[in-house]
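All the letters of the sequence shown, read from the start, carry residue numbers 99 to 177 under the numbering used here. Idealized CB from N, CA, C, for every residue including glycine. These notes concern the structure reproduced below.
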Amino acid sequence: MHGNKFHFHASVTNGFVDLHPTARGVEIELTTFSSSGEQTMTAVISREKFQQLIFQGPELLDGVDLIRDEAMRKRGYPI
Numbered sequence: 099m100h101g102n103k104f105h106f107h108a109s110v111t112n113g114f115v116d117l118h119p120t121a122r123g124v125e126i127e128l129t130t131f132s133s134s135g136e137q138t139m140t141a142v143i144s145r146e147k148f149q150q151l152i153f154q155g156p157e158l159l160d161g162v163d164l165i166r167d168e169a170m171r172k173r174g175y176p177i
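The structure is reproduced here in structure tokens:
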């Protein structure tokens, strides 16, 4: 954990998420680990987009779940 109170770091299932402020907004860095190695993806979004992401996050996740469930149904997997 960094000493900066504006930095957020959390573990996820197979990696880490880092959030910290930048001059242009918020930098989101996702690091995942797999058998093929480590992969890091980074995006910088505006403060407004970050706020929108926080407020609409649960709805976005519900949408992702619906898309995943439909894809599994089409492939014949039980839900």
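N- and C-terminal bounds of the beta strand (DSSP E) containing residue i
i      : result
Ile143 : 135-143
Thr111 : Where Thr111 is concerned, there is no enclosing beta strand (DSSP E), given that its DSSP letter is neither H nor E.
Close-in-space but distant-in-sequence residues of the same chain around residue i (CB under 6 Å, 5 per side omitted)
i      : result
Asp116 : His107, Glu127
Glu125 : His118, Val142
Gln137 : Thr130
His100 : With a pLDDT of only 49 at His100, under the threshold of 50, the placement of this residue in the model should not be trusted; the figure read from the coordinates follows. Excluding residues within five positions, none has a Cβ falling inside 6 Å.
Asn112 : Thr130, Phe131
Cβ separation of residue i and residue j, assumed to be a contact under 8 Å, to the nearest whole Å
i      : j      : result
Gly123 : Val142 : 6 Å
Thr129 : Phe114 : 5 Å
Asp167 : Ile177 : 5 Å
Distance, residue j Cα to residue i Cα
i      : j      : result
Pro119 : Phe131 : 24 Å
Own chain residues within Cβ distance below 7 Å of residue i, not counting five before or after
i      : result
Phe104 : His118, Pro119
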